[in-house]
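One point on numbering: in numbering that gives the first Met the number 0, the residue at position 94 of the sequence shown is 93, and numbering is uninterrupted. The beta carbon of each residue, even a glycine, is placed where N, CA and C say it ideally should be. Note that this is a predicted model, so its numbers are computed, not measured.
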Amino acid sequence: MPNRISRRKFLGAASTVAVSSLSSKTSAKSALATAREQPPESSPADRIVDMHVHFDEASPSFVSDLLKLCGSLNLTACVLTPFSSRKIVAETARQHPSQIVPFGYVDLDAHDIVQQVEEFHALGYRGLGELEFVKKPFNDPSYFPVYELANRYAWIVLFHTGIVLRKKFDEPEDVASGRMRPIHLEEIARRFPKITVLGAHCGNPEYEWAAEIARWNPNVFFDLSGSSLTKMRERLADFRKIFWWSGSDWKTNTPDNDPSAYTKIVFGSDVQLSEIESVVHQYEAMFDACDLSPHTRKMIMGGTLAKMLKLQG
Ligand SMILES: [Zn+2]
Numbered sequence: 000m001p002n003r004i005s006r007r008k009f010l011g012a013a014s015t016v017a018v019s020s021l022s023s024k025t026s027a028k029s030a031l032a033t034a035r036e037q038p039p040e041s042s043p044a045d046r047i048v049d050m051h052v053h054f055d056e057a058s059p060s061f062v063s064d065l066l067k068l069c070g071s072l073n074l075t076a077c078v079l080t081p082f083s084s085r086k087i088v089a090e091t092a093r094q095h096p097s098q099i100v101p102f103g104y105v106d107l108d109a110h111d112i113v114q115q116v117e118e119f120h121a122l123g124y125r126g127l128g129e130l131e132f133v134k135k136p137f138n139d140p141s142y143f144p145v146y147e148l149a150n151r152y153a154w155i156v157l158f159h160t161g162i163v164l165r166k167k168f169d170e171p172e173d174v175a176s177g178r179m180r181p182i183h184l185e186e187i188a189r190r191f192p193k194i195t196v197l198g199a200h201c202g203n204p205e206y207e208w209a210a211e212i213a214r215w216n217p218n219v220f221f222d223l224s225g226s227s228l229t230k231m232r233e234r235l236a237d238f239r240k241i242f243w244w245s246g247s248d249w250k251t252n253t254p255d256n257d258p259s260a261y262t263k264i265v266f267g268s269d270v271q272l273s274e275i276e277s278v279v280h281q282y283e284a285m286f287d288a289c290d291l292s293p294h295t296r297k298m299i300m301g302g303t304l305a306k307m308l309k310l311q312g
């Protein structure tokens, strides 16, 4: 989509957290410090996998900046790529498979959507996303041909969920958050069981619906990108009420058989490259507030996605 920068400002996460420079050597306090001391290849267990990195068509140096960041943070980026940039990202992913994972950013209402999806697949793309700004609810049958393809490819599909930015304030827009409610993902996950359904933003503010759908559906996960971790920074322990079923012997499969309810969360940043590290720290603050185990933290920060994507060390 155009103008990612205004989107970031709208979401507000970046404006209220410390922004760290790519060249800064002073801000690392956590696991990132450990990761940096070693070459990324030597520590795959601590790798961060970011599900939510939008390709920035406005930045000519985006690819080289991203590769640099992947090296310094031990990061693998799922790059949400517009159709017009599909070849450069496919080529970069071929050259750097442990750092760049290509995802196709498509408009579900485009007249040639099926052909676009097939071409993304032929180029080696691993999924779709972020699907957003839809004209109909996500579970509308007119979108099923796309989901059928994604199901056949056993892809991950990242859906925007919850409140969505407003791009134009003085012109009519055909945009509505109600078409992107997390409850719609339930039907997609059940009708198309080979799709890994990933909801961005945990349904903000419908966190409870998001979590409950994830609880019952082993193929549903959410990221916590967007404004939620900023909005809830003084009450991060509230996530305990939302992801409440840890250790209650729930019968659905979980990644690595980890019994924690928080395994339904994966890391996603949805910010400019220079702000990704600050989102890592926001996730860590939530982990501390909710007393997550070291294993669950690792699954959220990269373990779950690394397994799904079969990333090599
Ligand atoms: Zn979104």
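| Query | Result |
| --- | --- |
| Ignoring anything shorter than 4 residues or poking outside the stretch 108–183, list the alpha helix (DSSP H) runs there in chain order. | 112–121 and 143–151 |
| Closest to Y257 by C-alpha separation, out of L272, P293, S97 and I241, would be which residue? | Per the sequence presented here, residue 257 reads as Asp, with Tyr not at that position. When each option's Cα is compared against that of D257, the closest is P293. |
| What residues come near ligand 1, if near means a beta carbon less than 7 Å from any of its heavy atoms? | E129, E131, H159, V163, A199, H200, G225 and D269 |
| Just confirm the distance between the C-beta atoms of V48 and L304, as a whole number of angstroms; I'd bet it's less than 8 Å. | 4 Å |
| Under 6 Å Cβ to Cβ from K309, same chain only, skipping five residues before and after it: list those, please. | none |
| To the nearest angstrom, report how far apart P144 and V133 are at their CA atoms. | 15 Å |
| Which word fits N252, buried or exposed, when buried means at least 16 other C-beta atoms lie within 10 angstroms of its C-beta? | exposed |
| Under three-state DSSP, which class holds C69? | helix |
| Quick one: residues in its chain with C-beta nearer than 6 Å to the C-beta of Y124, no 5 flanking neighbours on either side, listed in chain order? | P101 and G103 |
| Who does I47 pair with in a DSSP beta bridge? | L74 |
| For F221, count neighbouring Cβ atoms within 10 angstroms of its own Cβ and tell me buried if that reaches 16, exposed if not. | buried |
| Going by other Cβ atoms of all chains shown within 10 Å of its Cβ, with 16 needed for buried, is S131 buried or exposed? | The residue asked about is misnamed: residue 131 is Glu in this sequence, not Ser. The residue is buried, with at least 16 neighbouring Cβ atoms inside 10 Å. |
| Quick check on the burial criterion: 16 or more other C-beta atoms within 10 angstroms. Buried or exposed for R234? | exposed |
| Taking 8 Å as the cut-off, decide whether the C-beta atoms of G198 and F158 are in contact. | yes |
| Taking the beta carbon of S60 as the centre, do at least 16 other beta carbons fall within 10 Å, making it buried, or is it exposed? | exposed |
| Between the alpha carbons of Y282 and E211, how many angstroms are there, rounded? | 20 Å |
| Just tell me which of R232, A121 and E186 has its CA closest to the CA of A213. | E186 |
| Any chance you could list the beta strand (DSSP E) runs of at least 3 consecutive residues sitting entirely within the stretch 202–241, in chain order? | 219–222 |
| Tell me which residue opens and which closes the beta strand (DSSP E) that V196 is part of. | T195 to A199 |
| Just to confirm the assignment, what range does the beta strand (DSSP E) spanning V100 have? | I99 to Y104 |
| Given F54, which residues of its chain have a CB within under 8 Å of its CB, disregarding the five upstream and five downstream residues? | F61, V78, L79, T80, P81, S84, V88 and Y104 |
| Measure the alpha-carbon distance for M307 versus D169 and round it to whole angstroms. | 43 Å |
| For P96, does the three-state DSSP call read helix, strand or coil? | coil |
| Quick check on DSSP: helix, strand or coil for T80? | strand |
| Below 8 Å on the Cβ atoms is my guess for S176 versus I194; work out the distance and round it to an integer in Å. | Not quite, the Cβ-Cβ distance comes to about 22 Å (not below 8 Å), so this is no contact. |
| If you follow the alpha helix (DSSP H) that M285 is part of, which residue opens it and which one closes it? | I275 to A288 |
| Kindly indicate the opening and closing residues of the alpha helix (DSSP H) around H305. | According to the sequence displayed, residue 305 carries Ala and not His. Segment T303 to M307, the alpha helix (DSSP H) holding A305. |
| Among all the DSSP beta bridges, which residues are the ones paired with V52? | V78 |
| Skipping 5 residues on each side, what residues in its chain have a beta carbon closer than 6 Å to that of L148? | V116 |
| Near G202, which residues of its chain fall below 6 Å by C-beta distance, leaving aside the five closest residues on each side in sequence? | T160, G161, P181, W208 and A209 |
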